[in-house]
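A.B. asks:
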Amino acid sequence: MEKLKYERPIINKINLGIPNKFGTKPKFEPITQIDGVPVQILAEKFGSPVMVISEKKIKETYKEAKRAFTTRYPKVQFAWSYKTNYLDAVCRIFHKMGSWAEVVSGFEYDKALSNGMPGNQIIFNGPDKSLKDLEKAVINKSYIHIDHFDELYDLIEIAEKLDEKPKVAIRINMNTGIYPIWDKFGFNLENGDAWNAINKIMISGKLDLVGLHTHIGTFINTVEPYGVATTKLMDLVIRINEKFHTLIKYIDLGGGFASTNTLRGSYLQGSDTCPSFDAYAEAITNSIINSGMDIENLPMLILESGRALIDEAGSIVGSVIANKRLADGRRSMIIDVGVNILFTAFWYDHLINPGQSFSYNSEETTIYGPLCMNIDCIRPNMQFPVLKKGDLIVISKIGAYNMTQWMQFITMRPNVVLIDLQGQTHVIRQNETLETITSLELIPDYLKS
Ligand SMILES: *Cc1c(COP(=O)(O)O)cnc(C)c1O
73 MEKLKYERPI
83 INKINLGIPN
93 KFGTKPKFEP
103 ITQIDGVPVQ
113 ILAEKFGSPV
123 MVISEKKIKE
133 TYKEAKRAFT
143 TRYPKVQFAW
153 SYKTNYLDAV
163 CRIFHKMGSW
173 AEVVSGFEYD
183 KALSNGMPGN
193 QIIFNGPDKS
203 LKDLEKAVIN
213 KSYIHIDHFD
223 ELYDLIEIAE
233 KLDEKPKVAI
243 RINMNTGIYP
253 IWDKFGFNLE
263 NGDAWNAINK
273 IMISGKLDLV
283 GLHTHIGTFI
293 NTVEPYGVAT
303 TKLMDLVIRI
313 NEKFHTLIKY
323 IDLGGGFAST
333 NTLRGSYLQG
343 SDTCPSFDAY
353 AEAITNSIIN
363 SGMDIENLPM
373 LILESGRALI
383 DEAGSIVGSV
393 IANKRLADGR
403 RSMIIDVGVN
413 ILFTAFWYDH
423 LINPGQSFSY
433 NSEETTIYGP
443 LCMNIDCIRP
453 NMQFPVLKKG
463 DLIVISKIGA
473 YNMTQWMQFI
483 TMRPNVVLID
493 LQGQTHVIRQ
503 NETLETITSL
513 ELIPDYLKS
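Structure, rendered in C-alpha cells:
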C-alpha cells in the first residue's frame, strides 16, 4: 500500500477578543460615509478608486493647530507646504484661512501666484531655484530662503542687476538631537557655515536679512528637537542683533510635525504616539519667550506644517478585485488601489476599513494593489475581515504627499473629490484618460504609417 502523501497543514489564527453574547467583537468598524456622503455613492458617481478630501477636517485640524500656537505666542503665521498637497482647491482652502504659501520649485511658485497669493506671502525654499525663478521672486518681493553659498552669490548679483534689496532668510541645519541630521539643506550651524553666511549677507549690504529658517526633518514624533532648534535660532537672532544692530523679523521652524498615521514596523498606533499641536507649540514657543530677546523685539514665528494638517482629511474609496490564497496558505486580497497612487504605503501601515457591513470572521491578510509588480503591496500583513469581490474598502489618512508623489504607472490617476462644509461634492482633479497621457506623446513621421 502506498504511503499517503504528507500534506502541510494550514493553520489560521483566529483572533478572539473577549466574546460577548454575539461572539467576538469585530476589530473594525465599517466606514460607510465620509462627512455624510455614502461611500457607495462616491464610488458610483466618481468611480473606484476615488480620492476624497474633507474640507471640514482640514478646517478643524488647521484651527486646532492655530489655536495651540496663538494662545501661547501672539505673532504666528502658517505657510502652506505646497509639495504636501498642491491641488489648487486644497491650497485655496488654506489660503482662505490665512496661510501663506511655502514653495520649493519654480513650478510651485507659479502655482502659488495663480492661486492668488501676493508675492509677499510666498516663501521660496529649496536648493533648486533658477536665476529666472530668483529674479521673479525678487521682483515680487517674496521671502527667499537661501539654501547654499552659490545661491547667495547669485542673489547678490541679481540684487545689483535689478537694483532691488531682496528679502532673504537662510536655511539652517543643525544638531537637535535627532538622527539623521537633515544636512542636505541649508547651512550647517555647528561647523560655522550658517554664521559665515549671515556675515556675508550683512557685509554685502545688498540683501535684507529678515528671517532664519530650519526644517529639521519630517514625521518628527517627539517635540524636544523643536525646542532645541528654536533656542538655537533665537541665539542667532540675539547674536545678529548684537553684532549688526539688526532685528530679525521672523524665525521659521519649517514643518515635520507627525500625523496620526502609523509608521511601518512601529509597535504602537500612530494615534497613540503622535504629539499634540499643544505639545509642539509648547516646546517651540517656550524657547522663544524664554530666550534673552526683549519682548518688543521678539520675531514672528512661521510654521510650514504640511502632513500634520492634511493627512487626516484625505481618504481613498476603493474596491476588492479578488481574494486568493498565497503559497503558504495565507489569505490575500487584491484591491484597486496601488502604490502608484498610494505612495505613502511604502512607509505607513495605512488604516483600512470595509466600506459596508461585513462578516465577523477576520483573518491575517496580505493586501495587494492591482499593479503587475511585486512591490505593489498596500499592507503586508493585517487582520482583516473577509470581503467579497466588488466590496468597498476605505483607506483613511492619505491626504499628505499622495496627491503630489503619485505616478501614472499601469493605471491612471483617479478623480479627486472635495466634500465641502455643506456636504456637497466637487471634483477638484479629474481622472486621467488615455488622452491625458498620449496628448504629451509625439510619434516621429517614419513610425506613423
Ligand atoms: C516638506 C517641507 C515642509 C512640510 O513638511 P511636513 O513634513 O509635510 O510637515 C515644510 N518646509 C519645508 C522646507 C519642506 O521641505
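The opening position of the sequence shown corresponds to residue 73 in this note's numbering, with each subsequent residue numbered one higher.
Cβ coordinates follow ideal geometry from the N, Cα and C atoms, glycine included.
1. By the three-class DSSP mapping on this structure, what secondary structure does D324 have?
2. Could you tell me the alpha carbon to alpha carbon distance between V300 and F430, rounded to whole angstroms?
3. Check whether the Cβ of G264 sits closer than 6 Å to any heavy atom of ligand 1, and report yes or no.
4. Mind checking F221: buried by the 16 CB within 10 Å criterion, or exposed?
5. Determine which residues share a DSSP beta bridge with K237 and list them.
6. Which same chain residues, not among the five before or five after P98, have their C-beta less than 6 Å away from its C-beta?
7. Could you say which of K201, I253 and G495 lies nearest to G289 if we only look at CA atoms?
8. Measuring only from the beta carbon, is N197 closer than 6 Å to any heavy atom that is part of ligand 1?
9. Tell me which same chain residues have a C-beta within less than 6 Å of the C-beta of Q341, skipping the five on either side of it?
10. For M306, does the count of other Cβ atoms within 10 angstroms reach 16, so buried, or fall short, so exposed?
11. Starting from the C-beta of V389, find all residues in its chain whose C-beta is less than 7 Å away, skip the five residues before and the five after it, and write them out in chain order.
12. Take the Cβ of L414 as the centre, count every other Cβ of all protein chains shown within 10 Å, and call the residue buried at 16 or more, exposed below.
13. Does DSSP put P98 in a helix, a strand or coil?
14. Can you give me the Cβ contacts of P55 inside the same chain, cut-off strictly under 7 Å, excluding the 5 residues immediately before and after it?
15. Compare the Cα-Cα distances from E223 to each of L76, K237, I211 and I242 and report the closest residue.
16. What is the DSSP secondary structure of F481, reduced to helix, strand or coil?
17. Whether or not the segment 416-423 and the segment 322-334 are in contact is what I'm after, with contact meaning three or more pairs of Cβ atoms, one per stretch, closer than 8 Å; do they touch?
18. How should G337 be labelled, buried or exposed, when 16 other C-beta atoms within 10 angstroms of its C-beta is the threshold for buried?
19. Once DSSP output is grouped into helix, strand and coil, what is the label at E314?
20. Is the separation between the beta-carbon of L424 and that of V109 shorter than 7 Å?
21. Which word fits Q455, buried or exposed, when buried means at least 16 other C-beta atoms lie within 10 angstroms of its C-beta?
22. Under 8 Å by Cβ, that's how I've got T437 and S404 pegged, so tell me the actual separation to the nearest angstrom.
23. Is it the case that the Cβ atoms of M445 and Q149 are separated by a distance below 7 Å?
24. From I74 to K460, what distance separates their C-alpha atoms?
25. Do three or more CB pairs link the segment 318-327 to the segment 260-271 at distances below 8 Å?
C.D. replies: In terms of the structure at hand:
1. D324 sits in a strand when the DSSP states are folded into three classes.
2. Going by C-alpha positions, V300 is about 49 Å away from F430.
3. no
4. exposed
5. Partner(s): none; K237 has no beta bridge.
6. Residue confidence for P98 is low, a pLDDT of 49 falling below 50, so the modelled location carries little weight and cannot support an answer.
7. When only C-alpha atoms are compared, the closest one is I253.
8. yes
9. Cβ neighbours of Q341 beyond the five flanking positions: T334.
10. buried
11. V111, L114, A115, S120, P121, V122, V124, G427, L464 and V466
12. buried
13. Because the pLDDT at P98 is just 49, under 50, the model does not fix this residue reliably, and the point stays unresolved.
14. Since the displayed the chain opens at 73 and closes at 521, residue 55 lies outside it and no answer follows.
15. I242
16. strand
17. Output reads yes: the segment 416-423 touches the segment 322-334.
18. exposed
19. helix
20. Position check: residue 424 holds Ile in this sequence, whereas Leu was assumed. Going by C-beta atoms, I424 is not nearer than 7 Å to V109.
21. exposed
22. 7 Å
23. no
24. Residue 74 is actually Glu in this sequence, not Ile. Spanning the two alpha carbons is a distance of roughly 40 Å.
25. no
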